[in-house]
Amino acid sequence: DTTVKQNPRYKLARVGKPVNLICSQTMNHDTMYWYQKKPNQAPKLLLFYYDKILNREADTFEKFQSSRPNNSFCSLYIGSAGLEYSAMYLCASSRGQGAGNTLYFGEGSRLIVV
Amino acid sequence: GDSVTQTEGLVTLTEGLPVMLNCTYQSTYSPFLFWYVQHLNEAPKLLLKSFTDNKRPEHQGFHATLHKSSSSFHLQKSSAQLSDSALYYCALRNYGSSGNKLIFGIGTLLSVKP
Numbered sequence: 001d002t003t004v005k006q007n008p009r010y011k012l013a014r015v016g017k018p019v020n021l022i023c024s025q026t027m028n029h030d031t032m033y034w035y036q037k038k039p040n041q042a043p044k045l046l047l048f049y050y051d052k053i054l055n056r057e058a059d060t061f062e063k064f065q066s067s068r069p070n071n072s073f074c075s076l077y078i079g080s081a082g083l084e085y086s087a088m089y090l091c092a093s094s095r096g097q098g099a100g101n102t103l104y105f106g107e108g109s110r111l112i113v114v
Numbered sequence: 001g002d003s004v005t006q007t008e009g010l011v012t013l014t015e016g017l018p019v020m021l022n023c024t025y026q027s028t029y030s031p032f033l034f035w036y037v038q039h040l041n042e043a044p045k046l047l048l049k050s051f052t053d054n055k056r057p058e059h060q061g062f063h064a065t066l067h068k069s070s071s072s073f074h075l076q077k078s079s080a081q082l083s084d085s086a087l088y089y090c091a092l093r094n095y096g097s098s099g100n101k102l103i104f105g106i107g108t109l110l111s112v113k114p
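Below, the structure is given as structure tokens:
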């Protein structure tokens, strides 16, 4: 089973409200990632967990938080949503961080902020 | 920094004609190159990957050859099928780069018509 599941698939949020997106995988992968995809832009890495260690990209460091309560689950948390957060959020997982390792993606969570 | 450039936008083909989606990259180091495919409402999935110069991995009728001299990894198929209609991402990943992150191109939408 190579499934990565994301919830919710669609989220409508008000400006200023919090948003929590959930990702789960059953492959016992040690690394989980969150990417943001906006129209006409490449998917952009926001952060990743290697085991329990969180690594956040410098330019999104303060905008997103994450937790990984166990190996299978990872969340992406926005404390106060702004219009600029409207995007598709893709979760992925991999075994290890080798450059040639395959990332397995979920179907994405589409966030619309109004 | 590292980057990936793909054939932009929409490529429309008639079924049975050959497919070629361009991908070039810039990288300080010698990276792994990947093609991911995302069908409508599905998760992105690995199609091909390569690290070795001038080798040609194949999968599901698609192939791509990594040419380090020209920093290219073009995706090809001899005969397009309707089911090939999807969004195709070229991506790279380096040993030792910051965070070992998978860096995507903007994606090319392939539409195959009867």
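Note that the protein sequences, when read in sequence, are chains A and B.
This note's numbering puts the first sequence at residues 1 to 114.
This note's numbering puts the second sequence at residues 1 to 114.
Where is the CB? At the ideal position from N, CA and C, for every residue including glycine.
Here S79(B) carries a coil assignment [DSSP, helix/strand/coil].
For T14(B), the enclosing beta strand (DSSP E) covers residues 10-14.
Around L83(A), the same chain offers V15, V113 as residues with beta carbons nearer than 7 angstroms, after the five sequence neighbours per side are excluded.
Counted as a single uninterrupted DSSP element, the beta strand (DSSP E) harbouring S66(A) occupies residues 65-70. In this structure, the straight-line span from the alpha carbon of V4(A) to that of L21(A) is close to 13 angstroms.
The C-alpha of P39(A) is placed about 11 angstroms away from the C-alpha of G9(B). The shortest C-alpha to C-alpha distance from V4(B) to any of D84(B), L17(B), V11(B), C23(B) is the one to C23(B). In this chain, the beta strand (DSSP E) harbouring R93(B) covers 86-93.
Of the residues Y85(A), L76(A), K52(A), R95(A), the one whose Cα lies closest to the Cα of M27(A) is R95(A). At a cut-off of 8 angstroms between beta-carbon atoms, N40(A) makes contact with chain B. In terms of beta-carbon proximity, T26(A) stays away from the interface with chain B, with every pair separated by 8 angstroms or more. Going by C-alpha positions, H74(B) is about 28 angstroms away from A87(A). The beta carbon of Q97(A) falls within 8 angstroms of a beta carbon belonging to chain B, placing the residue at that interface. A distance below 6 angstroms between beta-carbons, with the five flanking residues on each side excluded, links F73(A) to the following residues of its chain, in chain order: S24. Scanning chain A for C-beta atoms nearer than 8 angstroms to the C-beta of R93(B) yields A99, G100, reported in chain order.
Residue burial is scored here from C-beta neighbours: F34(B) has at least 16 other C-beta atoms within 10 angstroms and is therefore classed as buried.
Using a CB distance cut-off of 8 angstroms, E107(A) counts as an interface residue toward chain B.
The residues D51, in chain order, have a CB closer than 6 angstroms to that of D30(A) in the same chain once the five nearest residues on each side in sequence are set aside. Proximity of P57(B) to chain A, defined by a Cβ-Cβ separation below 8 angstroms, is not satisfied. With distances taken between CA atoms, M20(B) lies nearest to Y88(B) out of D53(B), Y88(B), P31(B). Taken through DSSP and simplified to helix, strand or coil, Y89(A) comes out as strand. Listed by position along chain B, the residues whose Cβ is nearer than 9 angstroms to that of P8(A) form an empty set, because the closest Cβ is around 15 angstroms away.
F64(A) is positioned such that its CB atom lies no closer than 8 angstroms to that of L45(A).
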